[in-house]
Amino acid sequence: MTYSNTPQYASYSQEDLVKVIEHYRFVLQDPTRPAIERLEAERNLAALYQPAYSSSSAQIEHNNRVLGGYRATLANPNVSEAAKAHARAMLEMAGADIRTQKERSLTEGSNKQGKSADAHLARQLGGYKSALKNPNVSPEAKAHARTMLAQHGIEC
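This note's numbering numbers the first residue of the sequence shown as 30 and each following residue consecutively.
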């Protein structure tokens, strides 16, 4: 696989690309460098390693998986704060929602939980209807099923 899919590096030899990558890695590891210079090196290094995709849908899928990995980093309690800060920065840079799935469900949960409760009730009532037609269900259980269906306004 060739990593020189970025136009500015397309004419570079393999040896020159290795030197460029080493330079960017050095910049990233040098704490005396300004943050903007390290961010630029990180972006350029990521661009060099970005595989050349033939279709945009594959690129979108790849990006979604990468962003999902950053979200997983935020949710993982075993990950350092530095890694979480990096993941947050990368998600913000991509314009993605930085909230974890748990945080999103808490803020949007009232609507989703209402749907979930409705679905649960529908499944329960369906089970009671099935119980009425099942020959292996006792008469007491069928009576209970009729009672529960009647409480919800369903005639059998």
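Note that beta-carbon positions come from the ideal geometry of N, C-alpha and C, so glycine has one too. This structure is a prediction, so every number in the text was calculated from the model and none was measured.
Between residue 116 and residue 103, the beta carbon gap of about 5 Å places them in contact (Cβ cut-off 8 Å).
Note on the segment 40-67: whole alpha helix (DSSP H) runs with a minimum of 4 residues are 43-58, in chain order.
Note that the C-beta distance between residue 151 and residue 161 is not below 8 Å. The straight-line gap separating the alpha-carbon atoms of residue 132 and residue 106 is approximately 14 Å. DSSP, reduced to helix, strand and coil, places residue 86 within a helical segment of the structure shown.
If you look at residue 168, you'll find it in the alpha helix (DSSP H) that goes 168-180.
Sequence-distant partners of residue 113 (beyond 5 residues in either direction) whose C-beta falls short of 8 Å from its own C-beta, in its chain, are 102, 103.
Straight-line measurement puts the Cα of residue 146 at about 55 Å from the Cα of residue 61.
For residue 95, the three-state secondary structure derived from DSSP is helix.
Secondary structure note for residue 128: it is in no alpha helix (DSSP H), with a DSSP letter that is neither H nor E.
Around the beta carbon of residue 54, fewer than 16 other beta carbons sit within 10 angstroms, so the residue counts as exposed.
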